[in-house]
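Protein chains: 2
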Amino acid sequence: MTIKDVAKHCGVSVSTVSRVLNGRPDVRQDVRDRVLRAVEELGYMPNSSARDLVSRQSDAIGVVVRGTGNLFFSAILKTVAAEIDRRGYTMVMRFIDPLDDEIRAGAMLEREKKLRGLLFLGGRFDYSPAQLSPVRVPYVLVSYTNVFGTLDEQSYSSVSIDDYRTAYRAVETLIRRGHRRIAAVVSSSCDRSVSELRTRGYCQALADNGIAFDPALLEETGGDFSMPGTYEGVRRVLSRAQDFTAVFTLSDTTGIAALKALEDAGKRVPQDVSVIAIDGIEVSAYVSPVLTTMVQPAEEMGRESVRILADMLEKRAGAQHLRLEAGLREGGSVKSL
Amino acid sequence: MTIKDVAKHCGVSVSTVSRVLNGRPDVRQDVRDRVLRAVEELGYMPNSSARDLVSRQSDAIGVVVRGTGNLFFSAILKTVAAEIDRRGYTMVMRFIDPLDDEIRAGAMLEREKKLRGLLFLGGRFDYSPAQLSPVRVPYVLVSYTNVFGTLDEQSYSSVSIDDYRTAYRAVETLIRRGHRRIAAVVSSSCDRSVSELRTRGYCQALADNGIAFDPALLEETGGDFSMPGTYEGVRRVLSRAQDFTAVFTLSDTTGIAALKALEDAGKRVPQDVSVIAIDGIEVSAYVSPVLTTMVQPAEEMGRESVRILADMLEKRAGAQHLRLEAGLREGGSVKSL
DNA sequence: ATTTGACGACCTCCGCCGGAC
DNA sequence: TGTCCGGCGGAGGTCGTCAAA
Chain A
1 MTIKDVAKHC GVSVSTVSRV LNGRPDVRQD VRDRVLRAVE ELGYMPNSSA
51 RDLVSRQSDA IGVVVRGTGN LFFSAILKTV AAEIDRRGYT MVMRFIDPLD
101 DEIRAGAMLE REKKLRGLLF LGGRFDYSPA QLSPVRVPYV LVSYTNVFGT
151 LDEQSYSSVS IDDYRTAYRA VETLIRRGHR RIAAVVSSSC DRSVSELRTR
201 GYCQALADNG IAFDPALLEE TGGDFSMPGT YEGVRRVLSR AQDFTAVFTL
251 SDTTGIAALK ALEDAGKRVP QDVSVIAIDG IEVSAYVSPV LTTMVQPAEE
301 MGRESVRILA DMLEKRAGAQ HLRLEAGLRE GGSVKSL
Chain B
338 MTIKDVAKHC GVSVSTVSRV LNGRPDVRQD VRDRVLRAVE ELGYMPNSSA
388 RDLVSRQSDA IGVVVRGTGN LFFSAILKTV AAEIDRRGYT MVMRFIDPLD
438 DEIRAGAMLE REKKLRGLLF LGGRFDYSPA QLSPVRVPYV LVSYTNVFGT
488 LDEQSYSSVS IDDYRTAYRA VETLIRRGHR RIAAVVSSSC DRSVSELRTR
538 GYCQALADNG IAFDPALLEE TGGDFSMPGT YEGVRRVLSR AQDFTAVFTL
588 SDTTGIAALK ALEDAGKRVP QDVSVIAIDG IEVSAYVSPV LTTMVQPAEE
638 MGRESVRILA DMLEKRAGAQ HLRLEAGLRE GGSVKSL
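As given, the protein sequences belong to chains A and B, one line each in that order. Going by the working numbering, the first residue of the first sequence is number 1, and it counts up by one from there. Going by the working numbering, the first residue of the second sequence is number 338, and it counts up by one from there.
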């Protein structure tokens with residue numbers, strides 16, 4: 001089933017079929033309809049190798065997902081996949097460990113699969129231009145930015161929420177409701193990444209409201225956003241301090257782990273301790289109490305990431321940095337004191 | 338930089354360069370060396386699109402995921418992705434709606450991307466050979482089988498648990514602990530798919546233990562394994578009957594939705610009503626109470642699916658049907674009466 | 001007998017030219 | 001003169017075939 005068969009089937013030339021398929025204007029409407037009907041009937045699919053061959057580039061977009069257990073990435077991913085398909089590109093995915101180097105993985109993927117562009121779902125925030133030099137195709141940082149790094153803003157794109165401000169707002173929400181002893185369970189306060197940025201938001205919200213930072217209330221789990229790590233982290237905070245009235249965590253899944261740890265330790269949520277998180281995935285609306293959380297617009301994030309990359313690939317626009325707004329979802333895990 | 342440049346650079350024909358590059362024997366040693374040196378000097382890389390064009394096959398394995406919100410599939414997917422990479426293949430994914438036709442999607446993907454093989458994550462159980470005829474490459478049904486269909490067992494592979502028996506064991510677990518009024522919230526009892534099979538397991542477990550089937554206790558939500566659908570389903574069962582002591586659901590996420598619906602209706606789990614499910618994803622171990630569930634071996638399922646497909650592609654073995662065992666994870670959502 | 005060259009086919013897109021109305 | 005369509009050749013790498021050295 002080639003373009004020749006289609007041409008033969010409806011009695012036109014190969015050139016005409018090609019013109020129709022590529023939406024060019026110089027074909028009469030009735031001929032156009034006849035060709036499209038033949039394509040439908042025969043189930044013709046253009047040979048993508050031949051198409052790539054003439055266009056001298058592939059249609060592959062690489063997606064490097066760092067942190068396989070991250071349910072928020074799963075939510076983004078399905079929109080990204082649909083949007084990549086819709087625009088006629090091919091998605092090539094690679095899952096890597098949260099501790100692995102996503103730039104290396106991306107650069108390898110680029111060479112192996114001759115990528116047109118790359119999306120990075122999760123990664124470090126502190127790259128220098130030299131570190132990114134192995135990546136030679138346009139790329140978009142999805143759900144994070146390069147605030148700690150020295151990349152030229154014109155050289156890459158990003159789509160994310162303002163992590164600092166979102167964490168700030170989450171903690172501020174707790175403070176407005178009367179909380180002053182607020183614990184935070186993070187993966188690290190100095191990893192030059194999302195965890196550090198959100199920890200800073202936490203600290204600044206405390207400072208702006210005249211609350212002294214207490215190191216005993218900051219727990220660093222060390223790893224990624226793991227549920228067992230956070231569960232143990234909450235237990236350690238409890239062993240150091242019993243007087244905190246709220247816990248801030250980095251993600252919904254770790255928020256759910258925190259709920260569990262508190263409950264297992266005999267603390268009721270929200271009567272004894274409140275919990276707030278960031279993400280807004282579906283399952284956190286079905287735990288008890290419903291997790292109060294800052295919702296990231298996952299679908300918009302996925303859709304816009306692909307749009308921006310496509311704009312760059314098709315030269316409609318240069319680098320863009322899209323900062324999306326997170327919104328508070330009121331659950332039942334925060335109590336007003 | 339094409340093969341022509343290489344040929345010109347060392348004074349041989351294009352055919353000869355091609356012969357050298359493809360390791361064919363009929364080239365003199367000194368000519369071979371001259372060509373290889375030229376390739377090295379010029380940094381020549383064959384154009385993979387042109388190569389694909391003639392070989393008419395790529396190294397791509399298609400993965401059609403039916404049901405984007407299914408967290409169990411997310412768990413399988415990361416193992417599948419890693420295993421496909423490890424074996425040197427390329428993964429091409431497509432997410433489709435639970436109501437869409439995965440065979441059509443797979444066949445389109447096969448032609449678009451020139452797939453070597455296909456993995457189907459989720460789908461119908463009742464295909465006929467004619468329906469599968471558009472799929473011309475080897476494929477593996479992952480997490481389901483063709484029990485309701487008429488496919489030749491030699492023509493395809495599958496990796497799954499025994500859905501009927503696993504549901505049977507889940508319900509039997511409830512019965513052994515004294516439950517006799519057991520509700521089931523399923524998506525459909527006659528969809529010729531996983532839901533029907535598990536519903537049959539539920540019915541048979543009741544029958545084998547002398548418990549009459551009560552239609553009022555069987556709720557069909559109609560759609561897929563959605564959380565809001567299940568939440569509403571549980572509410573409808575509650576409006577019909579108040580005397581059941583346990584609920585069986587098809588998946589962990591719907592189990593979590595059931596926990597929520599019961600709690601919101603003033604029922605305590607497990608004191609008033611027990612809940613049991615099938616899947617064993619991470620988050621269900623962190624809800625309260627911990628969900629009691631039949632754990633599917635997600636990693637093994639993903640790994641073995643790719644292994645079986647690779648065996649078929651590389652002619653090491655024919656079709657295989659692997660039935661894995663699910664194990665009971667004791668949580669806190671089932672009470673002994 | 002062994003090695004090498006030349007060529008067409010595979011498939012699509014695109015630019016260009018020419019013919020038809 | 002303008003619109004529509006056909007046809008040709010080139011781009012790219014592989015591979016079989018045939019001819020030539």
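Glycine included, C-beta positions come from ideal geometry on N, C-alpha and C.
With respect to V343 of chain B, V364 of chain B sits apart: the two C-beta atoms are not nearer than 7 Å. Note on geometry: alpha-carbon atoms of K114 of chain A and N407 of chain B lie some 31 Å from one another. Contact of R361 of chain B with chain A is not assigned, every C-beta pair being separated by 7 Å or more. According to the DSSP assignment, D163 of chain A belongs to the alpha helix (DSSP H) that extends over D163 to R176. Leaving aside the five residues that flank A578 of chain B on each side, the residues in its chain whose CB is nearer than 7 Å to its CB run, in chain order, A553 and L554.
With contacts defined by Cβ atoms closer than 7 Å, G454 of chain B and V472 of chain B do not form a contacting pair.
At a cut-off of 7 Å between beta-carbon atoms, K315 of chain A makes no contact with chain B.
The beta carbon of M430 of chain B falls within 7 Å of a beta carbon belonging to chain A, placing the residue at that interface.
By the Cβ-count criterion, G331 of chain A is buried, with 16 or more other Cβ atoms from all chains shown falling within 10 Å of its own Cβ. The alpha-carbon of F73 of chain A is positioned some 27 Å away from that of I182 of chain A. 7 Å or more divides the Cβ of T221 of chain A from the Cβ of S189 of chain A. Contacts between T405 of chain B and chain A, judged by CB atoms closer than 7 Å, involve K78 in chain order. Cβ contact annotation for G223 of chain A (same chain, cutoff 7 Å, sequence separation greater than five): S187 and G229, in chain order. Beta-bridge pairing by DSSP links I613 of chain B to B:F585 and B:T629. According to DSSP, G327 of chain A shares a beta bridge with A:V295. Look at S239 of chain A here: in three-state DSSP terms it is helix.
Listed along chain B are S386, each with a C-beta nearer than 7 Å to that of D52 of chain A. Within 10 angstroms of the beta-carbon of V54 of chain A lie fewer than 16 other beta-carbons, which makes it exposed. The contact set of K451 of chain B on chain A, defined by CB atoms closer than 9 Å, consists of N47, S48 and S49 in chain order.
By the 16-neighbour rule on beta-carbons within 10 angstroms, E83 of chain A is buried.
Its Cα nearest to that of K267 of chain A, the residue A:D243 stands out among A:V14, A:A285 and A:D243. The beta carbons of S251 of chain A and F225 of chain A sit about 5 Å from each other, so the pair counts as a contact at 8 Å. Between the beta-carbon of V624 of chain B and that of L596 of chain B there is about 6 Å, and that keeps the pair under the 8 Å contact cut. Here T293 of chain A is buried, its C-beta having at least 16 other C-beta atoms within 10 Å.
Note on T150 of chain A: under 16 other CB atoms within 10 angstroms of its CB, so exposed under the neighbour-count rule. Residues of chain A with a Cβ closer than 8 Å to the Cβ of A418 of chain B are, in chain order, M93, R94 and F95.
Looking at the backbone, the Cα of M428 of chain B and that of H321 of chain A are separated by about 29 Å. Between the C-alpha atoms of R111 of chain A and M382 of chain B there is a straight-line separation of about 11 Å. F213 of chain A sits exposed, since fewer than 16 C-beta atoms from the chains shown fall within 10 Å of its C-beta. Secondary structure at A654 of chain B: coil, using DSSP grouped into helix, strand and coil. Judged by beta-carbon spacing, A521 of chain B lies within the 7 Å limit of Y539 of chain B, meaning their Cβ atoms are closer than that value. For T2 of chain A, there is no enclosing alpha helix (DSSP H), since its DSSP letter is neither H nor E.
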